[in-house]
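Quick note: the sequence shown uses the working numbering, first residue 3, plus one each step.
Where is the CB? At the ideal position from N, CA and C, for every residue including glycine.
Report on the following structure.
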Amino acid sequence: MALDHLCHPKNQGGLGFMHLRDFNQALLSKAVWRFLVDKDSLCVQKPPRNAKWTRPEYGPIKVNCDSAIGENNSYIAIVARDWRGALVFALSKRVETNVPVQVEAEAINWATQLAVE
3 MALDHLCHPK NQGGLGFMHL RDFNQALLSK AVWRFLVDKD SLCVQKPPRN AKWTRPEYGP
63 IKVNCDSAIG ENNSYIAIVA RDWRGALVFA LSKRVETNVP VQVEAEAINW ATQLAVE
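Okay, here's the thing in structure tokens:
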């Protein structure tokens, strides 16, 4: 399907996407308006310094994932705890990438797969 047909309605053989130029202009206008109304809207608030592990409610399992990035490869780890904070399982494995976003995505993907099982 050609790119120019993406914005045609579905009944005309397109995919029904809105006109992307108009949509992008609206999003940009909304962001500018938000900044004009609230000058702090572009600032990121610092997380609290006293952040700590919290016990999940009764019954569920809490799954945490983490990564350590090396020069040639990286390692990811998954830790699961029950509602009391007792260790259910802890696993780790090596991944063949050193790109931080890819490593974090691998960890999240693996944790999700383990949670579904």
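Asn74 and Leu116 have their C-alpha atoms some 26 Å from each other. Per DSSP, Val103 is one residue of the alpha helix (DSSP H) stretching across 102-118. By the neighbour-count definition (other C-beta atoms within 10 Å, threshold 16), Ser76 is a buried residue. Around the beta carbon of Arg96, fewer than 16 other beta carbons lie within 10 angstroms, which makes this residue exposed.
Here the C-alpha atom of Ser31 lies approximately 24 Å from the C-alpha atom of His10. Distances from the CA of Trp112 to each of Leu89, Ala79, Arg83 were compared; the closest alpha carbon is that of Ala79. Following the DSSP letters along the chain, one finds Cys67 inside the beta strand (DSSP E) bounded by residues 64-71.
With fewer than 16 other CB atoms across the displayed protein chains lying within 10 angstroms of its CB, Glu98 is exposed.
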